[in-house]
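Worksheet for the structure shown next.
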Amino acid sequence: MEKPNSEDKNGVSKLPIGFRFHPTDEELLVHYLKRKVYSFPLPANVISESEVFQSNPWDLPGDLKEKRYFFSKSKGNSSIVNKCCSGYWKSTGKDKQIVAPGTNLIIGMKKSLVFYKGKSLKTRWFMHEFCLVGSFNSPFLTQKLMMQVGDWVVCRMYQRKRKGKKHHGMVAKKPRILQGIDDENLRINGDRNELVLSFAQDSSSLCSSGITDDISCNDLDQEAISSLNF
1 MEKPNSEDKN GVSKLPIGFR FHPTDEELLV HYLKRKVYSF PLPANVISES
51 EVFQSNPWDL PGDLKEKRYF FSKSKGNSSI VNKCCSGYWK STGKDKQIVA
101 PGTNLIIGMK KSLVFYKGKS LKTRWFMHEF CLVGSFNSPF LTQKLMMQVG
151 DWVVCRMYQR KRKGKKHHGM VAKKPRILQG IDDENLRING DRNELVLSFA
201 QDSSSLCSSG ITDDISCNDL DQEAISSLNF
């Protein structure tokens, strides 16, 4: 039987059944990437080192149905990252600044990328790349420069789900057919989807269609109304 804290073939600790590793952006930077860059002990050995930009996303370790996390060496700020076996990663959108909790200090940047297979086939594989940054003074500028700290980045990789087809209409129910009542005596209430008996004609006309004398006009009216309610 597999132990709860056993390691996989990549040396990464397996979480106990029922546990998931879902850190926030700030937690990834402060508690994992920063410690990785400065060679401090990690809170848990749950992020493997992988050549993310040199591998196909489906070839990397972990459950393909879940979000996966990797430490990898940085490949710079190019919009198109190194091509791998079957395609390449391309950045999309603007980079996002990550601020330390409870402060206004920028501690990192978040870049979004999408994987293209072949030359231009966009896939459903997406990735967030996080890098640690620091501010530095420059003798030639009045503002501080934001520069990446260290060579390591941490990546969150996932496969976006397919969008389901939307149904823009509802199938109307077929109206019940009432024998002995003309179409002119019925009108459709569009708001409530009901067939409502129109009493524009006098009730005497409804009582002259072969109904026995045991049933009065009022009884017929009441039965017709109750049978029309769906």
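Note that full-length UniProt numbering gives residue 130 to position 130 of the sequence shown, counting from 1, and the numbers run on in steps of one. Beta carbons: idealized from backbone N, C-alpha and C, even for Gly.
(request) Using a threshold of 9 Å, state whether the C-beta atoms of G150 and K117 are closer than that. (result) As a working note, residue 150 is residue 150 in the sequence shown. As a working note, residue 117 is residue 117 in the sequence shown. Not closer than 9 Å, so no.
(request) Can you grab the Cα-Cα spacing for the pair K65 / P57, in whole Å? (result) For this step, residue 65 is matched to residue 65 along the sequence shown. For this step, residue 57 is matched to residue 57 along the sequence shown. Taking the straight line from one Cα to the other gives about 12 Å.
(message) Restricting to runs no shorter than 3 residues, where is the beta strand (DSSP E) found entirely within the stretch 99-143?
(response) 106-117 and 121-136
(request) Following the continuous beta strand (DSSP E) through V149, name the residue where it begins and the one where it ends. (result) Position 149 of the sequence shown, counted from the start, is the residue given in the question as residue 149. From DSSP, the beta strand (DSSP E) with V149 extends over L145 to Q159.
(request) Rounded to whole angstroms, what's the CA-CA distance from S112 to F130? Just pull it up for me. (result) If you number the sequence shown from 1, residue 112 lands on position 112. If you number the sequence shown from 1, residue 130 lands on position 130. Using only the alpha carbons, I get a separation of about 9 Å.
(request) Determine, using beta carbons only, whether M157 and V52 come nearer to each other than 9 Å. (result) By one-based count along the sequence shown, residue 157 stands at place 157. By one-based count along the sequence shown, residue 52 stands at place 52. Against a cut-off of 9 Å, the Cβ pair of V52 and M157 comes out as a contact.
(message) Once the 5 residues before and after K83 are set aside, which same chain residues still bring their CB inside 8 Å of it?
(response) Position 83 of the sequence shown holds residue 83. Cβ neighbours of K83 beyond the five flanking positions: none.
(request) Quick one: using the 10 Å Cβ neighbour count with 16 as the cut-off for buried, is residue 232 buried or exposed? (result) A question about residue 232 goes unanswered here, because the residues of the chain that appear run from 1 up to 230.
(request) Look at the alpha carbon of Y32 and the alpha carbon of P43, and state the distance between them as a whole number of angstroms. (result) As a position in the sequence shown, residue 32 is number 32, starting the count at 1. As a position in the sequence shown, residue 43 is number 43, starting the count at 1. The alpha-carbon atoms of Y32 and P43 are separated by roughly 7 Å.
(request) Would you identify the three-state DSSP class for L35, choosing helix, strand or coil? (result) Here the question's residue 35 lines up with position 35 in the sequence shown. Here residue 35 is Arg; the residue named in the question, Leu, does not match the sequence. Three-state result, R35: helix.
(message) DSSP three-state label for E66, please.
(response) Position 66 of the sequence shown, counted from the start, is the residue given in the question as residue 66. Of the three classes helix, strand and coil, the one that applies to E66 here is coil, per DSSP.
(request) Can you tell me the Cβ-Cβ gap for I106 and L29, rounded? I've got them flagged as a contact below 8 Å. (result) On the sequence shown, residue 106 is found 106 positions in, with the first residue counted as 1. On the sequence shown, residue 29 is found 29 positions in, with the first residue counted as 1. Wrong, their Cβ atoms sit about 10 Å apart, outside the cutoff.
(message) Assuming the contact rule is C-beta atoms closer than 8 Å, V37 and W152 should be a hit. Round their C-beta distance to whole Å, please.
(response) As a working note, residue 37 is residue 37 in the sequence shown. As a working note, residue 152 is residue 152 in the sequence shown. With 8 Å as the limit, V37 and W152 qualify as a contact, their Cβ atoms being about 5 Å apart.
(request) Can you say whether C155 is buried or exposed, counting buried as having 16 or more other CB atoms within 10 angstroms of its CB? (result) As a working mapping, residue 155 is identified with position 155 in the sequence shown. Buried.
(request) Answer with buried or exposed for Y69, where buried requires no fewer than 16 other C-beta atoms within 10 angstroms of its C-beta. (result) One-based indexing of the sequence shown puts residue 69 at position 69. The residue is buried, with at least 16 neighbouring Cβ atoms inside 10 Å.
(message) From the DSSP secondary-structure annotation, give me the bridge partner or partners of Q97.
(response) Locating residue 97 in the sequence shown gives position 97, counting from the first residue. M109, per the DSSP bridge assignment.
(message) For I215, count the other beta carbons within 10 Å of its own beta carbon; 16 or more makes it buried, fewer makes it exposed. Which is it?
(response) As a first step, residue 215 must be located in the sequence shown, where it is residue number 215. In this prediction, I215 scores a pLDDT of 42, lower than 50, which makes its location untrustworthy; the coordinate-derived value is nonetheless stated afterwards. It counts as exposed.
(request) Provide the residue span of the beta strand (DSSP E) that contains G87, from first to last. (result) Along the sequence shown, read from residue 1 onward, the residue named residue 87 stands at position 87. Its beta strand (DSSP E) spans residues G87 to S91.
(message) Closest to K119 by C-alpha separation, out of P16, K90 and R35, would be which residue?
(response) Residue numbering aside, residue 119 sits at position 119 when the sequence shown is read from its first letter. If we check each option's Cα against that of K119, K90 comes out closest.
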